[in-house]
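Scroll down for the structure; my scribbles are underneath it.
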Amino acid sequence: MGTPSTDARVTRSRAALVEAVEDVLDEGLWGELTIRGLCTRAGISRPTFYQHFSSPEDLLGATIRHRLDQARAGVCSTADVPEVLAAALARLDGERQEYACLAAHPTVYAQVQAAFQDWLEGRLQERYPDAGEVAVSYVVGGVARVTGQWLAAESGRPSPEDLAHTLWILNRTVLEMTDC
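Numbering (this note's numbering) for the sequence shown: 218 to 397.
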């Protein structure tokens with residue numbers, strides 16, 4: 218996909234497709250993540266779909282990345298990492314079913330996980346400029362793994378705030394070691 222067009226029809230078609238995926242995700246109708254199902258919901262033709270996306274997975278990835286961008290924008294840039302992490306976990310928790318759907322789409326899941334990790338890495342580097350690359354990578358990997366397991370758990374899950382607090386206690390120790 219290239220640079221998004223400023224043509225109003227193109228913008229409307231793309232927005233309709235993203236909205237169709239969001240509706241499917243919100244309604245839990247994973248079976249409608251097909252080109253035919255998405256085109257019907259969006260009120261567009263198949264050729265129009267292919268002008269924007271190469272596959273339903275491509276559209277799903279763009280939609281989830283859009284949601285992540287919205288979540289990041291909703292978090293105050295001056296907030297401390299524990300507050301940011303708690304807010305991010307709360308948002309993810311509210312969209313657990315959508316992220317569970319990603320398990321069926323490993324390529325999209327990898328893209329979303331990479332976007333989350335890049336965002337977290339940037340936040341940690343801002344907050345801990347003296348932390349070494351290894352320490353930041355270690356923390357980012359650990360947070361991503363624990364978050365994935367937490368989202369997948371059916372019961373016995375801590376609240377987003379409690380998980381953020383636990384992760385922060387563990388990660389702060391690593392990040393404050395400036396020789397890593």
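Don't be surprised by glycine CBs; every beta carbon is placed ideally from N, CA and C.
Neighbour flag for residue i against chain B, beta carbons, 9 Å
i: E343; result: No chain B appears in this structure, which consists of one protein chain only.
Outcome for residue i when other beta-carbon atoms lying within 10 angstroms are tallied against a minimum of 16
i: Q328; result: buried
i: A225; result: exposed
i: T400; result: Since the first and last residues shown for the chain are 218 and 397, residue 400 lies out of range.
i: R231; result: buried
Element boundaries [alpha helix (DSSP H), containing residue i]
i: G339; result: 323 to 344
i: L250; result: Per DSSP, L250 belongs to no alpha helix (DSSP H) and is neither H nor E.
i: F266; result: 263 to 269
i: S272; result: Counting along the chain, S272 falls outside any alpha helix (DSSP H), and DSSP gives it neither H nor E.
i: A320; result: Looking at the DSSP string, A320 is not in any alpha helix (DSSP H), and its letter there is neither H nor E.
Per-residue DSSP class, three states only, for residue i
i: M218; result: Its pLDDT being 47, under 50, M218 is placed unreliably in this model, and the value from its coordinates should be taken loosely. Looking at M218 - three-state DSSP - the assignment turns out to be coil, as it is neither helix nor strand.
i: G373; result: coil
i: A352; result: helix
i: G359; result: helix
Contact test: residue i Cβ vs the ligand FMN heavy atom, cutoff 8 Å
i: A290; result: What this structure holds is no ligand at all, so the ligand FMN is not there to describe.
Residues near residue i by beta carbon distance below 7 Å, same chain, minus five either side
i: D240; result: R258
Same chain, Cβ closer than 8 Å to residue i, neighbours up to 5 away in sequence not counted
i: T251; result: P273
Same chain, Cβ closer than 6 Å to residue i, five either side skipped, listed in chain order
i: A237; result: L255, R258, A259
Anticipated Cβ contact below 8 Å, residue i with residue j, distance rounded
i: F270; j: A279; result: 7 Å
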